[in-house]
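Heads up, the thing below is written out as structure tokens.
Residue numbers (my numbering), protein chains in the order written: chain A, 330 to 526; chain B, 676 to 1303.
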């Protein structure tokens, strides 16, 4: 009569991470999914309930490639709605941490540091709501070994707070919402062509 | 109700509250507060002239406040006895009712509450359940959106005797709704409000849906659910009928209801779990199937009756499987939802069971109890010497011990169930348990540890669970170490610390402290008392640097024979792991420590003689007897 639980199974690893411990309590009522703003306004394949299921059934690949893993902003709208009092964003974060640990990268863009101009003032580190930015010492071409900001791709949610805070425009989102594009959008809203200075 | 009121041996007392319950099985004295109705029962003929004359209108509680009632009223048209009542909180003292009553002179404004004492043989509690108010769940908008109603409101709207005479209308505009949603588990299965399942709401939702469908076949009804539970006979068939009739079942708990403020149309957003997609649908009216919760005054009743409450607040039964209609106090029984949410068939079954249990008491002159009751030695009780104590009274799960400072504690034998918690807890050894006296148990320990005690595993087992577990291990032929020596007491609460110390003083190799799982304890909270004591002992032995594995606490049910065998084998292994000389040295080192705690053991009545005798017998058996 053996009932051995494999500690390397995904569910067990998620449970071992603080925040992921309530995983098994989910009875799949779907309240979180219909409460979620990302699901209803942005990405219809986003589904926290399904992600919890995937974690419960040790479906590593499905869980790590699920959009839910990478898109949750931990706004915690679902947390007070959950009848089982599961901290859902905690579970999602635990899955994400494990995905990053296993070498998976977010399919979405993250903030990028321009190391040639970064002065390591630390403003971005302080403002980041996801604690994704740390200051590290590293070799930078033409600048020698200096301290610069570094973005943890597993944690960055591409909110752009760092870009707004940076005084030397050394950190930004690359693909969408870069400075030039946003200024163009603003001008177009104003109904005039941008006056080039 | 009418039949009950007509039966000469049944006295129906309405508008009466239980103030106090004293005494014990067969001999309860109950104080009742007969509240003033301001209408004399011997004169009122139920004509209703006072109601017609009364100018005051207040919300009618029975109609879920959907209709008004007068200050002179009967709670419902089928009320038994049919005697009117004047609500003094609402009355404006215009005395129009007195005029209307006329020559009958039934209305008497000078009436007062009466306190009546009655001798009662047995009590059946059938106080029912209360309804969860969904207004704290702001996501469903109850109270904000007029067309979101509760199940009880639906019940009145749907009733031909109700405020709308059975016409199903929506509150915002009086139109008949064509799209109705029913949301299940509102406030139940929800850790924020009530953790438990309310048992009957799934069937209740289906019943309401079918009822509406029968009367208004063009209505479209959806039931939102987490799980549909149809466990009893015929229930699944009923569920099938609902599907056949076109009622839509949506698996997924709605997260939010929103309203169009102009039309008061409602929009429910939920995930359809089977599709894995979020769906939003429009409805004319939404019924919230609210949780069944204990009555608002259940705590008060629990202290009046001196019966405990289970987690969640329901009255606690003697045993969840074997005695669900009995309270832990002999002579008090439960019927229906006061003991836990249940539907009509289950309530009727429990009510009939409770009635037959109660009649057993009424038809007998004497009452048999377990012979293992507790007895106090009044000359040893420190309370009699003026010290504040009362530990035994606090330890008793049944409230069977009367403690008054200055008097020796007294056991009300009819209430005692014989767990021995008081005996285990009494620090002055002033209380004992028949058939499990200290002398008897100590004599057993001596015998079991007479030969090579350092090799023995002494297992304290409780009568109901771990003893049963050991029994099962034997009958199932699970092999376990032959060095185990079992010892039975009624409950782990009886496993007095002195008994453990004495066993170690005699040189026991290892001791198992075992009993029921906490939820299975046959003595309400006995196991909890036992577990607390065991944890205390474990800590102390750790401080005394006892080798690990020599004292073990395990909760083993009567079905866990394999666990019992495994635990004993593990204990044997950990005992084997200690080198023999180390173990012997440790036992010798701890002997004086244990003896220090046992200096008063010999003073306990009967102990000294019992030990002399048992030593004599054991010596004789071992061939070491010295002729006296």
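The C-beta atom is built at its ideal place from N, Cα and C for all residues, glycine as well. Note that the coordinates shown come from a computational prediction; the quantities given were computed from them, not determined experimentally.
Comparing the C-beta of residue i with each C-beta of chain A, is any distance below 8 angstroms?
i                       : result
residue 865 of chain B  : yes
residue 810 of chain B  : no
residue 944 of chain B  : yes
residue 977 of chain B  : no
residue 1007 of chain B : no
residue 986 of chain B  : no
residue 857 of chain B  : no
residue 931 of chain B  : yes
residue 1026 of chain B : no
Provide the residue(s) that pair with residue i in DSSP beta bridges, ordered along the chain.
i                       : result
residue 760 of chain B  : B/748
residue 1227 of chain B : B/1187
residue 791 of chain B  : B/707
residue 1159 of chain B : B/1132
residue 479 of chain A  : A/463
residue 743 of chain B  : B/734
residue 1057 of chain B : Residue 1057 of chain B pairs with nothing; no bridge assigned.
residue 1050 of chain B : B/1107
residue 947 of chain B  : B/952
residue 440 of chain A  : A/502
residue 967 of chain B  : B/806
residue 899 of chain B  : B/858, B/925
residue 823 of chain B  : B/961
residue 1137 of chain B : B/1164
residue 468 of chain A  : A/474
residue 931 of chain B  : B/944
Compare the C-beta of residue i against all C-beta atoms of chain B and say whether one is closer than 8 angstroms.
i                      : result
residue 397 of chain A : no
residue 277 of chain A : Here chain A comprises residues numbered 330 to 526, so residue 277 of chain A is not present and cannot be evaluated.
residue 359 of chain A : yes
residue 356 of chain A : yes
residue 344 of chain A : no
residue 363 of chain A : yes
residue 330 of chain A : Residue confidence for residue 330 of chain A is low, a pLDDT of 40 falling below 50, so the modelled location carries little weight; the figure read from the coordinates is stated next. Answer yes: the Cβ-Cβ gap between residue 330 of chain A and chain B drops below 8 angstroms somewhere.
residue 373 of chain A : yes
residue 370 of chain A : no
residue 410 of chain A : yes
Can you have a look at residue i and say buried or exposed, based on whether 16 or more other CB atoms are within 10 angstroms of its CB?
i                       : result
residue 860 of chain B  : buried
residue 1187 of chain B : buried
residue 649 of chain B  : Given a span of 676 to 1303 for chain B in the structure shown, any question on residue 649 of chain B remains unanswerable.
residue 753 of chain B  : exposed
residue 890 of chain B  : exposed
residue 935 of chain B  : exposed
residue 512 of chain A  : exposed
residue 1289 of chain B : buried
Compare the beta carbon distance of residue i and residue j with 8 angstroms and say whether it is the shorter of the two.
i                       : j                       : result
residue 729 of chain B  : residue 742 of chain B  : no
residue 989 of chain B  : residue 965 of chain B  : no
residue 1124 of chain B : residue 1049 of chain B : no
residue 1098 of chain B : residue 1087 of chain B : no
residue 691 of chain B  : residue 756 of chain B  : no
residue 858 of chain B  : residue 888 of chain B  : no
residue 442 of chain A  : residue 381 of chain A  : no
residue 1016 of chain B : residue 1156 of chain B : no
residue 1025 of chain B : residue 804 of chain B  : no
residue 1282 of chain B : residue 1114 of chain B : yes
residue 856 of chain B  : residue 961 of chain B  : yes
residue 494 of chain A  : residue 453 of chain A  : yes
residue 1100 of chain B : residue 1204 of chain B : yes
Taking CB distances under 8 angstroms as the criterion, tell me whether residue i reaches chain E.
i                      : result
residue 422 of chain A : The structure shown contains no chain E; its protein chains are A and B.
Practice task
Pair every Cβ in the stretch 356-370 of chain A with every Cβ in the stretch 407-418 of chain A, then say whether three or more of these pairs are closer than 8 angstroms.
Solution key: yes
Exercise for the section: Give a yes or no on contact between the stretch 809-817 of chain B and the stretch 700-715 of chain B, applying the rule of three or more CB pairs nearer than 8 angstroms. Expected result: no
Exercise for the section: Say whether the stretch 485-496 of chain A touches the stretch 427-440 of chain A, bearing in mind that this needs 3 or more beta-carbon pairs closer than 8 angstroms, one atom from each stretch. Expected result: yes
Exercise for the section: Pair every Cβ in the stretch 789-805 of chain B with every Cβ in the stretch 766-780 of chain B, then say whether three or more of these pairs are closer than 8 angstroms. Expected result: no
Practice task
Could you tell me whether the stretch 1208-1217 of chain B touches the stretch 1239-1252 of chain B, where touching means 3 or more Cβ pairs closer than 8 angstroms?
Solution key: no
Practice task
Mind the definition here: the stretch 989-999 of chain B touches the stretch 836-843 of chain B only if three or more C-beta pairs lie below 8 angstroms; say whether that holds.
Solution key: no
Exercise for the section: Please confirm if the stretch 1161-1172 of chain B is in contact with the stretch 1106-1122 of chain B, defined as three or more CB-CB distances below 8 angstroms between the two stretches. Expected result: yes
Practice task
Kindly confirm or deny that the stretch 1224-1235 of chain B and the stretch 1180-1197 of chain B touch, where touching means at least three C-beta pairs closer than 8 angstroms.
Solution key: yes
Exercise for the section: Kindly confirm or deny that the stretch 1115-1129 of chain B and the stretch 1069-1086 of chain B touch, where touching means at least three C-beta pairs closer than 8 angstroms. Expected result: no
Practice task
Taking 8 angstroms as the threshold, find out whether the stretch 818-833 of chain B comes into contact with the stretch 1028-1043 of chain B through three or more Cβ pairs.
Solution key: no
Practice task
Specify whether the stretch 1252-1261 of chain B and the stretch 1218-1225 of chain B touch according to this definition: at least 3 beta carbon pairs, one from each stretch, less than 8 angstroms apart.
Solution key: yes
Handout entry: Cβ pair count under 8 angstroms reaching 3, the stretch 925-932 of chain B against the stretch 944-957 of chain B
Key = yes
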